[in-house]
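Asker:
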Amino acid sequence: MTHRLRLRDFSGYAFLLPYLVLFAVFLLLPLAFGLWLSVMRYELLSPEPPKFIGFDNYREAFGDPYFWKALWATARFVVLTSPLTVLIALALALGISASSPRRQHIYRLLVFLPTMITISVAGLLWRWMLSTDFGLFNAYLERFGIAHIPWLTDTRLAMKSIVLMTLWWTIGGPVVILLAGIKQIPDVYYEAAALDGATGWKRVLHITLPMLKPVLLFVVVLNVIGAFQVFGQPFMMTAGGPERSTFVLVQYIYVSSFLNYRLGYGAAMSWILFALISAFSIVQFRLMKEK
Amino acid sequence: MAICLIACVFTGFTSSCDRVTGASDVTTIRFWNGFTGPDGRTMLALIKRFNRDNPDVNVVMQRMEWATYYNKLFVAGLGGRAPEVFASHRSALQRFIAGGFVRPADDLLGKNPDQIDPDDVDANVLAALEQGGHHWAIPLDVHPEGMFYNRALFRAAGIVDEKGEARPPTNRAEFLDAVRRLKHDRTAASPQTWGYVFTWDRNEVYSVMRQFGGKLFDPSLTRATFADPRNVAALDFMASLVRDGLTTQPQGPQGWMGFRQGRVGMVFQGIFMMPDLRRDTDLDWAAAPLPLLGDRQAAWADSHSLCIRKDLSGKELDAAKRLIKFLSDNSLDWAEGGQVPVRKHLRDSDRFRAMKAQYEFSRQIPYITYCPPTEFVFEYLTEFDEAIELALRGTQSAQQALAGADVKVQQVIARYQRGGSSQQHAEAR
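As they're listed, the protein sequences go chains A and B.
Heads up, the first sequence is in the working numbering, so the first residue is 413 and it goes up one at a time.
Heads up, the second sequence is in the working numbering, so the first residue is 33 and it goes up one at a time.
1. For the alpha helix (DSSP H) containing residue 126 of chain B, list its first residue and its last residue.
2. Taking all protein chains shown into account, decide if residue 523 of chain A is buried (16 or more other Cβ within 10 angstroms of its Cβ) or exposed.
3. What does residue 729 of chain A reach in chain B if we use C-beta pairs closer than 7 Å?
4. Any idea if residue 437 of chain A is buried or exposed, counting beta-carbon neighbours within 10 angstroms, 16 or more meaning buried?
5. Pull up the DSSP beta-bridge partners for residue 339 of chain B, would you.
6. Kindly say whether residue 315 of chain B, judged by its beta-carbon, lies nearer than 8 Å to any beta-carbon of chain A.
7. Could you have a look at residue 75 of chain B and say whether DSSP puts it in helix, strand or coil?
8. On a CA-only basis, which of B:106, B:369, B:268, B:324 is nearest residue 77 of chain B? Give me that one, please.
9. Which residues mark the beginning and the end of the beta strand (DSSP E) in which residue 301 of chain B is found?
10. Whose Cβ in chain A lies nearer than 8 Å to the Cβ of residue 408 of chain B?
11. Does the Cβ-Cβ distance between residue 604 of chain A and residue 494 of chain A come in under 8 Å?
12. Less than 6 Å between C-beta atoms, sequence neighbours within five positions excluded: which residues of the same chain meet that for residue 637 of chain A?
13. Is it buried or exposed, residue 194 of chain B, if we count other Cβ atoms within 10 angstroms and call 16 or more buried?
14. In terms of residues, what are the limits of the beta strand (DSSP E) holding residue 368 of chain B?
15. For the stretch 579 to 591 of chain A and the stretch 297 to 309 of chain B, state whether three or more C-beta atom pairs, one from each stretch, are separated by less than 8 Å.
16. Is any beta-carbon of chain B found at less than 8 Å from that of residue 462 of chain A?
17. For a cutoff of 8 Å on Cβ pairs, would you count residue 651 of chain A as touching chain B?
18. Determine the direct distance from the alpha carbon of residue 586 of chain A to that of residue 411 of chain B, and round the result to whole angstroms.
19. Any beta carbon from chain A within less than 8 Å of residue 4 of chain B's own beta carbon?
20. Take the Cβ of residue 326 of chain B as the centre, count every other Cβ of all protein chains shown within 10 Å, and call the residue buried at 16 or more, exposed below.
21. In whole angstroms, what is the alpha-carbon distance linking residue 250 of chain B and residue 287 of chain B?
22. Any idea what DSSP makes of residue 623 of chain A, helix, strand or coil?
23. Please list, in chain order, all residues of the same chain as residue 655 of chain A whose beta carbon is under 6 Å from its beta carbon, the five residues on each side excluded.
24. Below 8 Å between beta carbons is the criterion; list the residues of the stretch 105 to 130 of chain B that meet it against any residue of chain A, in chain order.
25. Going by C-alpha distance, which of A:695, A:697, A:682, A:527 is nearest residue 443 of chain A?
26. Give me the DSSP bridge partner(s) of residue 182 of chain B.
27. Helix, strand or coil for residue 560 of chain A? Go by DSSP, reduced to three states.
28. Strictly under 8 Å for the Cβ-Cβ distance: is residue 290 of chain B near chain A by that measure?
29. From the DSSP output, which residues share a beta bridge with residue 455 of chain A?
30. Against chain A, does residue 446 of chain B count as a neighbour if the rule is that its beta carbon must be under 8 Å from one of theirs?
31. To which residues of the same chain is residue 407 of chain B closer than 6 Å at the C-beta, ignoring the five residues directly before and after it?
32. Between the Cα of residue 343 of chain B and those of B:189, B:114, B:440, spot the shortest distance and give me the residue it belongs to.
33. Within 10 angstroms of its Cβ, does residue 377 of chain B collect 16 or more other Cβ (buried), or is it exposed?
34. In terms of alpha-carbon separation, which member of B:205, B:162, B:207, B:181 lies closest to residue 198 of chain B?
35. Buried or exposed for residue 15 of chain B, please, with buried defined as at least 16 other CB atoms from any protein chain shown within 10 angstroms of its CB.
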């Protein structure tokens, strides 16, 4: 019995091994290396050789106005994008699941289609459509006598425009996940509710949403993590402008590490972001569990 | 299964590497560059021709988008795995020199048949690649900023010469007059048109600053002079175009889109944007040197330059030199894609004169101005961009914006100065 158990354990580990090796080589080691970098002055272009400096990079980040501006831009993006994505995705998933199976295929395809476009193409397309004087949106609005809207050139509007584009581009993923979750709910619950005289909305509130909780948690956590890591949309559409209003933290990390070759400083900011994402994820898990 | 897969991948890699380097009579060299647009196809055709004409050499070209390319090149260089030949903008070259993996290219210049005659290259372009008594690269081209203008809009506004042809402005008064006359509000029959819009404000403002006599650094490149009164005056002049309603706030590349839509009279852009216009067959456009907006001629420019890895020797070095000479000798083909050759005898040819836009832009070569060559180029350009944006958008005055940038760039300089000069750094490597 013991011998058989050991063999089973061993074969389990053997199956896990390829993934564990890749996980260690491509995730754990870079993470540890990043942590080491973050306490070093490691600047590829500086005449100074790499040197251990303790928490100086972290101190520099907390005293750097560009870091705070980037963090603020990221926070605005997360706060604007995540709730909207989840709510709209949920609404779309509920709507699609209520339609006939044949139509579901078409709607699902239509909603998911933008997700398949690369960010460079989607970013360029939206940058042109939202251009103040030469874009598609304002050209149509002009026909109705509406003055040009500075979608991407106004510090108050630029981030909202990026959020709009992000919703269009990313909504397909959460919709498909939620649809799969809805399909997993056994019909018996709805049948029992129907016998008790529950109407459509009551069924959604008292059966669908509670049963969807684990899937919703997954979507929320995934979305918040993704939103914290936003880079492509502002990079392609505004390059962080106007006046750094859309200059997000990952872009600052990219610029510091890969344009200015300040690897230590970039790594420190990456670890701060990692800590933030971890903290938010833990809080979200706890909140959802409590309910 | 996974182990088998990994083993297969490694085996595959090894055998494919053997195929590339295995033939003993053929010297294989790698040539990396960032020519991913139409220019990449032109370069690939040149490389194929070189390989055909030189059966003892096999050049393997790899192209990547410039930002990715520079990162990979730098990391490869530091790790001793840089390609034998690589392209760099002159503005980025200093970083690779500081990285210590560029070989001086002095022996490629000379009067021998296998060398490039230095008298055949514009002295100012060649000097831009010189540092510490060495030429670090061979310039393949120069791509200056110039003016593209919409001839149809000019004719419609009555800005024409005695033959009735569109007449581009050559000085400040003519420029401002054209900007005013070309600007029209939207009507029921036609969309709004602008005389001038910003398309790449960094280079536009830099050209004008140099026309006003300003510079971004002192000659030793150890003190930022962004807030020099001449720079302030130049930036304020450009900001006044927005302030006075003569142009829109900068919209980045969308301004260029406006020109392509036929709704903008003039833009200042690099010659490399010309392939875009070739596709717009319904756009009646032409090119001209930048108008004189300050008190002296100047136009921003950069150059693609060809570099050799530091430790190259023997057959590889010979192959690398032959490749660079070949590309330089055939840079008229390269020019077709929207570049200006730096070899004077090529520019004197009828074929080059027939390339109208390139020819017009090439007239500025005597007074082109490169961005200051420092290894912290992207850091100071970030601050420069920010100052320009703040001033053009009217958030700060030109004086305030440039003074703010001055302070920040000085901090960057101080950081780089810790522990010695970049030259010492390069030598130490």
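Even for Gly, the Cβ is constructed at its ideal location relative to N, Cα and C.
Answerer: A quick look at the data gives this:
1. By 1-based counting over the second sequence, the position of residue 126 of chain B is 94. Counting along the chain, the alpha helix (DSSP H) containing residue 126 of chain B begins and ends at 122 to 131.
2. Taking the first residue of the first sequence as position 1, residue 523 of chain A is located at position 111. By the 10 Å Cβ count, residue 523 of chain A comes out buried.
3. For residue 729 of chain A there is no data in the structure shown, the boundaries of chain A being 413 and 703.
4. Residue mapping note: residue 437 of chain A aligns to position 25 of the first sequence, counting from 1. Classification of residue 437 of chain A: exposed, given that the 10 Å Cβ count is below 16.
5. In the second sequence, counting from the first residue as 1, residue 339 of chain B sits at position 307. Note: residue 339 of chain B sits in a beta bridge opposite B:118.
6. Along the second sequence, one-based indexing puts residue 315 of chain B at 283. Output row for residue 315 of chain B: interface = no.
7. Translated into positions along the second sequence, residue 75 of chain B becomes position 43. Helix at residue 75 of chain B.
8. As a first step, residue 77 of chain B must be located in the second sequence, where it is residue number 45. Of B:106, B:369, B:268, B:324, the residue nearest in Cα terms is B:369.
9. For the purposes of this step, residue 301 of chain B is taken as the residue at position 269 of the second sequence. Segment 296 to 302, the beta strand (DSSP E) holding residue 301 of chain B.
10. Working through the second sequence from its first residue, we reach residue 408 of chain B at position 376. What residue 408 of chain B touches in chain A: 457, 672.
11. As a working mapping, residue 604 of chain A is identified with position 192 in the first sequence. As a working mapping, residue 494 of chain A is identified with position 82 in the first sequence. Taking 8 Å as the Cβ cut-off, residue 604 of chain A and residue 494 of chain A do not qualify as a contacting pair.
12. Here residue 637 of chain A refers to the residue found at position 225 of the first sequence. Closer than 6 Å at Cβ, skipping near neighbours: 689.
13. For the purposes of this step, residue 194 of chain B is taken as residue 162 along the second sequence, with counting starting at 1. Answer is exposed; the Cβ neighbour count stays below 16.
14. Looking up residue 368 of chain B in the second sequence gives position 336. Looking at the DSSP string, residue 368 of chain B is not in any beta strand (DSSP E), and its letter there is neither H nor E.
15. no
16. The residue labelled residue 462 of chain A in the question sits at position 50 within the first sequence. So, not an interface residue.
17. Residue 651 of chain A sits at position 239 when you count from the first residue of the first sequence. Yes, contact with chain B.
18. As a working mapping, residue 411 of chain B is identified with position 379 in the second sequence. As a working mapping, residue 586 of chain A is identified with position 174 in the first sequence. Computed Cα separation, rounded: 39 Å.
19. This structure cannot settle anything about residue 4 of chain B, because the visible part of chain B is limited to 33 through 461.
20. If you number the second sequence from 1, residue 326 of chain B lands on position 294. That one is buried.
21. Reading the second sequence from its first residue, position 218 is the one you call residue 250 of chain B. Reading the second sequence from its first residue, position 255 is the one you call residue 287 of chain B. Near 33 Å, if we compare the C-alpha coordinates of residue 287 of chain B and residue 250 of chain B.
22. Mapped onto the first sequence, residue 623 of chain A falls at position 211. Note: residue 623 of chain A maps to helix in three-state DSSP.
23. For the purposes of this step, residue 655 of chain A is taken as the residue at position 243 of the first sequence. Same-chain partners within the cutoff: 567.
24. 106, 110, 127, 130
25. The sequence position of residue 443 of chain A within the first sequence is 31, counting from 1. The shortest C-alpha separation from residue 443 of chain A is found at A:682.
26. Taking the first residue of the second sequence as 1, we reach residue 182 of chain B at position 150. Paired residues: B:317.
27. On the first sequence, residue 560 of chain A is found 148 positions in, with the first residue counted as 1. Reduced to three states, the DSSP call for residue 560 of chain A is coil.
28. Position 258 of the second sequence holds residue 290 of chain B. So, interface residue.
29. Along the first sequence, one-based indexing puts residue 455 of chain A at 43. Beta-bridge pairing links residue 455 of chain A to A:674.
30. Within the second sequence, the letter at position 414 stands for residue 446 of chain B. Output row for residue 446 of chain B: interface = no.
31. Counting from 1 along the second sequence, the entry for residue 407 of chain B is found at position 375. Same-chain partners within the cutoff: 126, 127, 130, 454.
32. Reading the second sequence from its first residue, position 311 is the one you call residue 343 of chain B. Minimum Cα distance to residue 343 of chain B is reached at B:114.
33. On the second sequence, residue 377 of chain B is found 345 positions in, with the first residue counted as 1. Looking at its Cβ environment, which holds fewer than 16 other Cβ atoms inside 10 Å, residue 377 of chain B is exposed.
34. For this step, residue 198 of chain B is matched to residue 166 along the second sequence. It is B:181 whose Cα lies nearest to the Cα of residue 198 of chain B.
35. In the structure as shown, chain B begins at 33 and stops at 461. Residue 15 of chain B is therefore absent and cannot be evaluated.
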